[in-house]
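Colleague:
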Ligand SMILES: Cc1cc2nc3c(=O)[nH]c(=O)nc-3n(C[C@H](O)[C@H](O)[C@H](O)COP(=O)(O)OP(=O)(O)OC[C@H]3O[C@@H](n4cnc5c(N)ncnc54)[C@H](O)[C@@H]3O)c2cc1C
């Protein structure tokens, strides 16, 4: 008997991908009384290619779900200020405790994703790692009615589902199998190289900007500071990928000279991680028997550090829609997501062009801040009440 044979033959929801979007969605659905299976082809508690600065909306969700304490217990340092460096001009923004958010946090993905997976399992979701989606099952009318999953080592199983949710990231298999159309495409993309440093002081988030470049310092677990360097995808292809450590230091010296000068006295933990860039998109996030959430549905350039916060937001919006049942709530999920995402998406796309001057960039950041406040207000308005428990149909 392979490990998959122990699974039930039907669940209310099968969630593909168990990180920010998938584990949060599985947790919320299970807390509402649905029978949930979440699978991820990766290993439990593993890292992924992502820096991980959370914005207020993301921390608000973690606090509301009762998991922020676990993030703090894991030694994630609180962030009480965000500092923007435009060449020599410094704009220092204090993070005031508000809406149950005591501070911002940038938990390592090994901490954040594991915390959400544990919370999903504690709520009753069945979570299986090293299990991948290989196909979808459809009825005669084309409605998705289940998933074909395979575990490492080859065991394969078909599981029926009331809904299959693709939370499987940038190259979503679910999105591709259902042919989810793109509803908006970004024009720009920036590349990013980052590493973790010990022995480096950084109080708060620091974002640095210069002509055609960006950099940042993000305090995280283990007393380490994540330092990233951003540049155009063209520069990544022509220069950075040929000499990642050398180009990382060069870009840092251009974007954040003072930070670059402090690095030789610090120690790099592990190796540098490179992301060549990918233009953003929004996809239609639902159809008969399926839905998408997180990067699978909506990706924007990491330069505004908002993907995880939006994944947590949309997990909440989608879970509420699935619990209500039927298609109208899913259409409302799409409308709410679009309403809260479109302007953020456009601003991020423009910032990712790296083609602004400081005056334009400051105006873009002001608009971004206004949108983020609107997003937080919308989440606060959702209320702290959990979704109504429902009876499983599995
Ligand atoms: C370089 C970089 C820096 C970033 N920096 C930030 C930042 O500072 N702040 C921020 O908020 N966001 C940041 N982001 C964005 C953030 O990483 C994403 O928005 C976030 O990871 C989305 O979460 P997700 O759960 O949708 O997808 P993912 O985290 O990509 O998880 C998808 C999961 O699906 C699994 N999967 C895929 N296919 C299958 C399959 N067929 N079967 C089973 N499982 C499958 C994968 O194993 C993976 O675990 C950054 C992204 C990048 C690339």
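In this note's numbering, the protein residues as written are 115 to 508. Built from N, CA and C at the ideal position, the CB exists for glycine as well.
Please classify residue 293: is it buried, with 16 or more other beta-carbons within 10 angstroms of its beta-carbon, or exposed?
Modeller: Here residue 293 is taken as the residue at index 179 of the chain shown, counted from 1. Residue 293 comes out exposed.
Colleague: Can you look up residue 161 in the DSSP assignment and give me helix, strand or coil?
Modeller: Position 47 of the chain shown, counted from the start, is the residue given in the question as residue 161. Three-state result, residue 161: coil.
Colleague: With a CB to CB cut of under 7 Å and the five nearest residues on each side skipped, what residues in its chain are close to residue 443?
Modeller: Numbered from its first residue, the chain shown carries residue 443 at position 329. 435, listed in sequence order.
Colleague: Run the CB neighbour count on residue 499, radius 10 Å, all protein chains shown included, and call it buried at 16 or more, exposed below.
Modeller: Reading the chain shown from its first residue, position 385 is the one you call residue 499. Per-residue confidence for residue 499 stands at a pLDDT of 47, beneath the threshold of 50, marking its modelled position as unreliable; no derived number is given.
Colleague: At a cut-off of 6 Å, would you count residue 131 as near ligand 1, judging by its Cβ distance to the nearest heavy atom?
Modeller: Here the question's residue 131 lines up with position 17 in the chain shown. Under cutoff, so the answer is yes.
Colleague: Verify the contact flag: residue 454, CB atom, against every heavy atom of ligand 1, threshold strictly below 6 Å.
Modeller: Reading the chain shown from its first residue, position 340 is the one you call residue 454. No, Cβ of residue 454 sits at least 6 Å from all heavy atoms of ligand 1.
Colleague: Are the CB atoms of residue 128 and residue 262 nearer to each other than 7 Å?
Modeller: Mapped onto the chain shown, residue 128 falls at position 14. Mapped onto the chain shown, residue 262 falls at position 148. No, they are not a contact pair.
Colleague: May I have the straight-line CA-CA distance separating residue 464 from residue 455, to the nearest angstrom?
Modeller: Within the chain shown, numbered from 1, the residue matching residue 464 stands at position 350. Within the chain shown, numbered from 1, the residue matching residue 455 stands at position 341. When rounded, the distance between both Cα atoms is 14 Å.
Colleague: Which residues in the same chain as residue 240 place their Cβ atom closer than 6 Å to its Cβ, once the five residues preceding and following it in sequence are excluded?
Modeller: The residue labelled residue 240 in the question sits at position 126 within the chain shown. Answer for residue 240: 151, listed in chain order.
Colleague: Quick one: grab the DSSP three-state call for residue 121.
Modeller: Numbered from its first residue, the chain shown carries residue 121 at position 7. Correct three-state label for residue 121: coil.
Colleague: Measure the alpha-carbon distance for residue 325 versus residue 344 and round it to whole angstroms.
Modeller: As a working mapping, residue 325 is identified with position 211 in the chain shown. As a working mapping, residue 344 is identified with position 230 in the chain shown. Computed Cα separation, rounded: 11 Å.
Colleague: My parser needs the beta strand (DSSP E) runs of 3 or more residues fully inside the region 290-330; what are they?
Modeller: Segments of the beta strand (DSSP E) lying fully in the region 290-330: 296-299, 304-312 and 319-324.
Colleague: Is the region 404-422 touching the region 297-312, taking contact as three or more C-beta pairs under 8 Å?
Modeller: Result yes; three or more Cβ-Cβ pairs closer than 8 Å.
Colleague: Which residues in the same chain as residue 362 place their Cβ atom closer than 8 Å to its Cβ, once the five residues preceding and following it in sequence are excluded?
Modeller: Locating residue 362 in the chain shown gives position 248, counting from the first residue. Contacts found: 307, 309, 343, 354 and 386.
Colleague: How close, in whole Å, do the beta carbons of residue 193 and residue 319 come, if the pair is a contact with beta carbons under 8 Å?
Modeller: As a working mapping, residue 193 is identified with position 79 in the chain shown. As a working mapping, residue 319 is identified with position 205 in the chain shown. That belief holds up - the Cβ atoms of residue 193 and residue 319 are roughly 6 Å apart, short of 8 Å.
Colleague: Helix, strand or coil, according to DSSP, for residue 190 in the structure here?
Modeller: Stepping through the chain shown from its first residue, residue 190 is reached at position 76. The answer is coil: DSSP assigns residue 190 none of H, G, I, E or B.
Colleague: Which partner residues of residue 280 appear in the DSSP bridge assignment?
Modeller: The residue you call residue 280 lines up with position 166 of the chain shown. BP columns for residue 280 point to 130 and 406.
Colleague: Residues bridged to residue 332 by DSSP?
Modeller: Translated into the one-based positions of the chain shown, residue 332 becomes position 218. Residue 332 is bridged to 340.
Colleague: Any heavy atom of ligand 1 closer than 6 Å to the Cβ of residue 391?
Modeller: Counted from its first residue, the chain shown places residue 391 at position 277. Checking the Cβ of residue 391 against ligand 1 gives no.
Colleague: Kindly indicate the opening and closing residues of the alpha helix (DSSP H) around residue 462.
Modeller: Position 348 of the chain shown, counting from 1, holds the residue named residue 462. Per DSSP, residue 462 belongs to the alpha helix (DSSP H) from 441-466.
Colleague: Taking all protein chains shown into account, do 16 or more other C-beta atoms lie within 10 angstroms of the C-beta of residue 399, making it buried, or fewer, making it exposed?
Modeller: By 1-based counting over the chain shown, the position of residue 399 is 285. Its Cβ being crowded by 16 or more others within 10 Å, residue 399 is buried.
Colleague: With the cut-off set at 7 Å, would you say residue 538 and residue 327 are in Cβ contact?
Modeller: The requested residue 538 is not part of the displayed model; the chain covers only 115 to 508.
Colleague: Residue 467 to residue 133, Cα distance in whole Å?
Modeller: Start at 1 with the first residue of the chain shown, and residue 467 comes out as number 353. Start at 1 with the first residue of the chain shown, and residue 133 comes out as number 19. So the two alpha carbons sit approximately 28 Å from each other.
Colleague: Mapping DSSP to helix, strand and coil, what is residue 242?
Modeller: Residue numbering aside, residue 242 sits at position 128 when the chain shown is read from its first letter. If DSSP states are grouped into helix, strand and coil, residue 242 belongs with the strands.
Colleague: Mind reading off the beta-carbon distance from residue 296 to residue 397? Whole number of angstroms is fine, and I expect it under 8 Å.
Modeller: Sequence index remark: in the chain shown, residue 296 carries index 182 (1-based). Sequence index remark: in the chain shown, residue 397 carries index 283 (1-based). Yes, residue 296 and residue 397 are in contact; Cβ-Cβ is about 6 Å, under 8 Å.
Colleague: Give the single residue among 405, 185, 356 and 213 whose Cα lies nearest to the Cα of residue 290.
Modeller: By one-based count along the chain shown, residue 290 stands at place 176. For residue 290, the nearest C-alpha among the options comes from 405.
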